[in-house]
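K.L.:
Can you read through this structure? Questions will come right after.
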Amino acid sequence: MKKMKDEMRERLIQEAPEGTPSDFIHVPLDDEFGIMAENLGRKGKFVNGVGVFTHTDTSSCISSMASSSELTDMRSQIKLLSDGFLKLQQKNEQLRARLDFVMMMKICSQKSRHFFAASWEKTNNSIEPDGDISEGENTYPELEEHDLEKESCPYCVFCG
């Protein structure tokens, strides 16, 4: 590490403009970090001090990177969670579709009840004593209150 730093410093001295004292030329910290990373690698090592007084300790530092078995465990947990999420998403879509169907059936049921009630009243009330069905202007007044065209569904004959 020291040798690489000295080589880099010598190269910087050669590239410096003439008349620059060599005491003023230093290896930039970014380059020193690059040298340390190259020599030490990234796992299980750290450096105390930067510059002139560097000290390398490779025995007492525990790596912060996960081992391959931990990575495998994490990947399997991520896969399990994502599969569970997809299943829950599908179940949610099914439940929403079922809820929509139930709501439409309720609407259809209400409309059909109003329709049957109105038509039952019509047939019971509009028979004249001679047995003929009257042809009044407002033969289904109860149905005029309920707009059967507002909400329609494809599930019944009353809505659509």
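Here the sequence shown is numbered in the numbering used here, starting from 2 and rising by one per residue.
A virtual CB, placed ideally from N, CA and C, is assigned to each residue, including glycine.
Note that the coordinates shown come from a computational prediction; the quantities given were computed from them, not determined experimentally.
Could you spell out the range, first to last residue, of the alpha helix (DSSP H) harbouring Met5?
P.N.:
Lys3 to Glu16 is the span of the alpha helix (DSSP H), which, as asked, contains Met5.
K.L.:
Quick check on Ser110: does DSSP put it in helix, strand or coil?
P.N.:
helix
K.L.:
What does the Cβ neighbour count give for Ile36, buried or exposed, with the cut at 16 atoms within 10 Å?
P.N.:
buried
K.L.:
Look up Val103 in the DSSP assignment and say whether it is helix, strand or coil.
P.N.:
helix
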